[in-house]
Amino acid sequence: MESSTSRDPYFIQSVAHAAEVLKAFATPNELLRLRDLVTRTALSKGIVFRLLYTLEKSGLVERTGKNEYRCAVVQRRKQKYKIGYAAQGTDYQFSQQVTASLKQEADRLDTVELLVLDNRYNPKVAQRNADVFVKERVDLVMEFQTDEIVAPIISAKYREAKIPFIAIEVPHPGSIYFGANNYEAGLIGGRALGKWAKQFWEGQADEILLMELQRAGMVPRARLTGMLVGIREILPETEHCPVVFLDGDGLFESSWKAVRKYITLGGAKRTLIGGINDSSALGALRAFEEAGRAERCAVMGQNASPEGRDELRRKASQFIGSVAYFPEKYGEWLLRLALDVLSSKSIPPAVFVKHQLVTAKNVDHLYPNDNLR
Numbered sequence: 000m001e002s003s004t005s006r007d008p009y010f011i012q013s014v015a016h017a018a019e020v021l022k023a024f025a026t027p028n029e030l031l032r033l034r035d036l037v038t039r040t041a042l043s044k045g046i047v048f049r050l051l052y053t054l055e056k057s058g059l060v061e062r063t064g065k066n067e068y069r070c071a072v073v074q075r076r077k078q079k080y081k082i083g084y085a086a087q088g089t090d091y092q093f094s095q096q097v098t099a100s101l102k103q104e105a106d107r108l109d110t111v112e113l114l115v116l117d118n119r120y121n122p123k124v125a126q127r128n129a130d131v132f133v134k135e136r137v138d139l140v141m142e143f144q145t146d147e148i149v150a151p152i153i154s155a156k157y158r159e160a161k162i163p164f165i166a167i168e169v170p171h172p173g174s175i176y177f178g179a180n181n182y183e184a185g186l187i188g189g190r191a192l193g194k195w196a197k198q199f200w201e202g203q204a205d206e207i208l209l210m211e212l213q214r215a216g217m218v219p220r221a222r223l224t225g226m227l228v229g230i231r232e233i234l235p236e237t238e239h240c241p242v243v244f245l246d247g248d249g250l251f252e253s254s255w256k257a258v259r260k261y262i263t264l265g266g267a268k269r270t271l272i273g274g275i276n277d278s279s280a281l282g283a284l285r286a287f288e289e290a291g292r293a294e295r296c297a298v299m300g301q302n303a304s305p306e307g308r309d310e311l312r313r314k315a316s317q318f319i320g321s322v323a324y325f326p327e328k329y330g331e332w333l334l335r336l337a338l339d340v341l342s343s344k345s346i347p348p349a350v351f352v353k354h355q356l357v358t359a360k361n362v363d364h365l366y367p368n369d370n371l372r
């Protein structure tokens, strides 16, 4: 049976085929090979080749030195950008807030369709989710997964599919990094911890305990390096103080168990504790409280997450502060960045969020609506 277009005397089939080739480019800066365009248009290789040759000569398509093609026409999109978001998990509130803020911002925008998958804090799940995003042919991915070891594997999947992606908090090869300036955030927390010890412990400390997240790699660990430098900057006498690293996996229960086991081996009189995040810091604090040694520790967190802010409001808590990353604003910041990437704007390789020290004195000023949760 003839199609309606084949019976239309005004319809030019070759122009329609050329339009199919141009529409096959998902984003303005996407590079495609001849075989990619054959797959996406379902046209024969010979037709696509001749169309590309003609479109290139007409200035509507550009060819790179690697025999890849880029659309030179700014097209009006009838459909929304499909953006994939791989959430870190639901085990702690920082991740929950990032996810909630992204969903809220995507609902507000009329240019974004957000496809959300949960990595569940699991590297195998993260790899399967990457495969789903590739299969769905999303325009861009925002990847929030913790394991440095699988980061190159996930990156390779997106690179092969020519999908640009943003790595949240944990760097991935070939991505745009978005998140903490880890060393600077650590430095803020370390200085505050040192000043507290100077005021209340006369600058004396017997040990420094740092709760790490080993599988996230060296870049996130830089916040613990910054914390140590910040403490020693304020308290030079701690230069020879023992420093202990415990892996709490960034989780409350794991950190609580690790510290509980550690303090049964002995106990310093004064321990300064820095956590990779609030969950690990609070786990360490609860272990000291359980052992009846709360007054022997002073704890600094990172993220200023809801559970950390609640702890700052608890009277007589040894949780003295946390460095804010403002995850409730990540949705706005991330989707603005994503749209800039998709619009081929010049983007730096790393985009850092702002940081601010949150203490019992300013928590209600910075977060006056916490009691509405």
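Each residue of the sequence shown is one higher than the one before, starting from 0 at the first, in numbering that gives the first Met the number 0. Quick reminder that beta carbons are idealized off the backbone N, C-alpha and C, glycines included. Quick caveat: nothing in here was measured; it's all calculated off a predicted structure.
Check: Nearest-angstrom Cα distance between Trp255 and Gln92?; Outcome: 17 Å
Check: Out of curiosity, what's the CA-to-CA distance linking Ala196 and Gly202?; Outcome: 5 Å
Check: Say whether the region 205 to 218 touches the region 338 to 358, bearing in mind that this needs 3 or more beta-carbon pairs closer than 8 Å, one atom from each stretch.; Outcome: no
Check: Among the residues of its own chain, which have a CB less than 7 Å from the CB of Glu67, if the five just before and after it don't count?; Outcome: Leu30, Leu31, Arg32
Check: Can you tell me where the beta strand (DSSP E) with Tyr68 in it begins and where it stops?; Outcome: 68 to 70
Check: Near Ile152, what residues of its chain come up, given a Cβ to Cβ distance below 7 Å and the 5 sequence neighbours on each side ignored?; Outcome: Gln126
Check: Assign Ala41 to buried or exposed, taking buried as 16 or more other Cβ atoms, counted over all protein chains shown, within 10 Å of its Cβ.; Outcome: exposed
Check: State whether the region 179 to 190 contacts the region 314 to 332, with contact taken as three or more CB pairs (one from each stretch) at a distance under 8 Å.; Outcome: yes
Check: For the candidate residues Phe10, Leu208, Tyr84, His171, whose alpha-carbon lies nearest to that of Val115?; Outcome: Tyr84
Check: Based on Cα-Cα distance, which residue from Val133, Tyr176, Phe318, Ser316 lies nearest to Ala160?; Outcome: Val133
Check: Excluding sequence positions up to five away, which residues of its chain have a Cβ less than 8 Å from the Cβ of Glu1?; Outcome: For Glu1, the predicted model reports a pLDDT of 44, less than 50, meaning its position is unreliable; a value from the coordinates is still stated below. Around Glu1: no qualifying Cβ.
Check: Please report the distance separating the alpha-carbon of Asp309 from that of Asn180.; Outcome: 24 Å
Check: Quick one: give me the first and last residue of the beta strand (DSSP E) that Tyr80 is part of.; Outcome: 80 to 86
Check: In chain order, what residues of the same chain have a beta carbon less than 7 Å from the beta carbon of Asp339, not counting five sequence neighbours either side?; Outcome: Ile346
Check: From Asn368 to Gly178, what distance separates their C-alpha atoms?; Outcome: 24 Å
Check: CA-CA distance, Pro172 and Lys268?; Outcome: 43 Å
Check: What first and last residue would you give for the alpha helix (DSSP H) that runs through Glu206?; Outcome: Where Glu206 is concerned, there is no enclosing alpha helix (DSSP H), although the beta strand (DSSP E) it sits in stretches over 206 to 211.
Check: Does Ala267 come out as helix, strand or coil in the three-state DSSP assignment?; Outcome: coil
Check: For the putative contact between Gln87 and Gln144, defined by C-beta atoms under 8 Å, what is the C-beta separation to the nearest angstrom?; Outcome: 6 Å
Check: Here's a check: name, in chain order, each residue in its chain whose Cβ is nearer than 7 Å to the Cβ of Arg119, leaving out the five neighbours to either side.; Outcome: Gly88
Check: Quick one: Cα of Phe24 to Cα of Lys44, how far?; Outcome: 17 Å
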